Amino acid sequence: PDRTPPPSPFGIRVSGNRITWQAQADLESGISHFIVRKNGKVIGRVPEKPTNRFGRPLFQGLQYSDTPLQPLAKMEFVDPNAGDSQQYQIISVNTMGLMSEN
């Protein structure tokens with residue numbers, strides 16, 4: 009079993025109420041989703057409901073041939089309650105439920 013957390017997202021940018029980031033693949037078990045925190049509180053999940061027709065839910069949505077489903081999900085979140093001086097954190101979660109270390 010996979011006991012290694014996924015890589016941490018990087019390149020996190022905030023523009024108004026839009027947060028974007030980049031992430032490396034988790035080659036052992038795949039990234040399931042991302043958790044978005046604002047000032048330490050969870051405010052969202054991307055995608056909201058990860059799906060996969062062939063097993064565990066995956067952010068990258070692999071088909072049986074390991075080819076990603078198109079279009080690829082965007083690594084972005086819109087905070088409808090954005091304000092000044094907010095601190096955002098993005099956490100990768102793999103299909104084993106392990107979270108990236110930040």
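Numbering (this note's numbering), first residue to last: 9 to 110. Glycine included, every Cβ here is placed at the ideal spot set by N, Cα and C. Just so you know, these numbers come straight off a predicted model, no measurement behind them.
- Taking the C-beta atoms as reference points, methionine 83 is found nearer than 8 Å to threonine 28.
- For glutamate 56, there is no enclosing beta strand (DSSP E), as DSSP marks it with neither H nor E.
- Comparing C-alpha distances from arginine 21 to each of Thr103, Asn102, Val86, Ile39 shows the shortest one belongs to Val86.
- Positions of the beta strand (DSSP E) runs, each at least 3 residues long and wholly inside the region 10-49, are given as 18-23, 26-30, 39-46 in order along the chain.
- Sorting Met104, Gly105, Asn25, Ala81 by C-alpha distance to the C-alpha of tyrosine 96 places Asn25 at the top.
- Buried is the label assigned to serine 40, since at least 16 other Cβ atoms lie within 10 Å of its Cβ.
- Ranked by Cα distance from valine 54, the first of Asn47, Ser23, Ile43 is Ile43.
- When the alpha-carbon of glycine 19 is set against those of Asp10, Ile98, Gly38, the nearest one is in Ile98.
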